[in-house]
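Residue numbers (the numbering used here): 16 to 349. Some notes on the structure that comes next.
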């Protein structure tokens, strides 16, 4: 039986060691991604590569604005809680192996594909300013913040996201939104879409609603008693009842088809913009906290009832441009 010489044994050990080392190396194909990881000290032994042991130690990763085109290798960061990769050149992002992920911000990339289907612990998803045509969030029941504005989405199902608090989907191409299962929603921004209707009757916790620049013909906010901010300008709304919204602080309903507007139950109003409608009269007698009012582009408006004359008093700005017939009076008798 032949004995193994000492030099041969050393060679075998080195080969075996080298093979084991290669097995632990994370494959990273984007040099800028590797550079960013190295600069953040994730390459703890300074060997110029990232091992699986090094990757699994990382819980917070910020690689914003690093000119990264590919995050291949992110799948090895299995304990990642927070990933910030904004302002890069990513076209796709698959996080299906990062099951611990809680916070993801990947805005201002070139994303056409985003896979978060296995991230059921995800609370925050910020993917604004991309080119997404589809976004599947049915596997993210814990999602609280979803900001997907400035994409090219035509549909979005949020029925499996009952924990949603803040939802920004503005500047997409959405034609419908079903919010009936989102009872915790506080902040909704769905302006600049293609919506023809919007039902917020189940969203009683709503504080801020921005739905401007759509084609909405009717908006019922009678159940939204906590509403503080309502921006519904540039739609085709013919009637708007804000009598149940006595906490309302800011209202913009300009550029609609309103013939009347009653703000007598909104004493907290600071900002009122209702220009370019078909109002003939308006009573703001009790709205003494107003700081700015816009009654512009309403030639039909002839009387605005106010609490003091002359109006406006110091500290209040009123715009009546292209409303040549308007006058202010404290006499609000018919």
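Here a beta-carbon is modelled for each residue, glycine too, at the ideal position from N, C-alpha and C.
Rounded separation between residue i and residue j - CA only
| i | j | result |
| --- | --- | --- |
| residue 288 | residue 345 | 20 Å |
| residue 301 | residue 259 | 15 Å |
| residue 329 | residue 304 | 12 Å |
| residue 38 | residue 66 | With a pLDDT of 48 at residue 38, under the threshold of 50, the modelled position of this residue cannot be trusted, and the question is left open. |
| residue 186 | residue 229 | 10 Å |
| residue 316 | residue 326 | 16 Å |
| residue 177 | residue 323 | 47 Å |
| residue 342 | residue 319 | 6 Å |
| residue 107 | residue 246 | 34 Å |
| residue 298 | residue 207 | 30 Å |
| residue 60 | residue 44 | 20 Å |
| residue 273 | residue 338 | 15 Å |
Helix, strand or coil at residue i according to DSSP, with G and I counted as helix
| i | result |
| --- | --- |
| residue 334 | strand |
| residue 339 | coil |
| residue 347 | coil |
| residue 52 | helix |
| residue 207 | coil |
| residue 71 | helix |
| residue 185 | coil |
| residue 172 | coil |
| residue 46 | helix |
| residue 320 | strand |
| residue 225 | strand |
Residue nearest to residue i in terms of C-alpha spacing, selected from the options
| i | options | result |
| --- | --- | --- |
| residue 115 | 134, 104 and 103 | 134 |
| residue 127 | 85, 81 and 191 | 85 |
| residue 232 | 249, 225 and 242 | 249 |
| residue 147 | 296, 188, 341 and 154 | 188 |
| residue 262 | 155, 81, 137 and 244 | 244 |
| residue 286 | 192, 332, 190 and 222 | 332 |
| residue 142 | 120, 184 and 158 | 120 |
| residue 164 | 197, 138 and 204 | 204 |
| residue 220 | 236, 207 and 206 | 236 |
| residue 112 | 123, 132, 102 and 125 | 132 |
| residue 91 | 283, 198 and 42 | 42 |
| residue 40 | 51, 50, 54 and 58 | 58 |
* **Segments of 3+ residues assigned as beta strand (DSSP E) that fall wholly inside the segment 84-111** => 97-99 and 107-109
*Would you call the segment 200-212 and the segment 252-266 touching, i.e. three or more CB-CB distances under 8 Å?*
no
Worksheet item: Which parts of the segment 237-267 are runs of the beta strand (DSSP E), unbroken and 3 residues or longer, counting only runs that do not cross its ends?
Response: 244-246 and 265-267
Only counting runs of 3 or more residues, tell me where the beta strand (DSSP E) segments fall wholly within the segment 277-310, in order along the chain.
-> 286-288, 296-298 and 307-309
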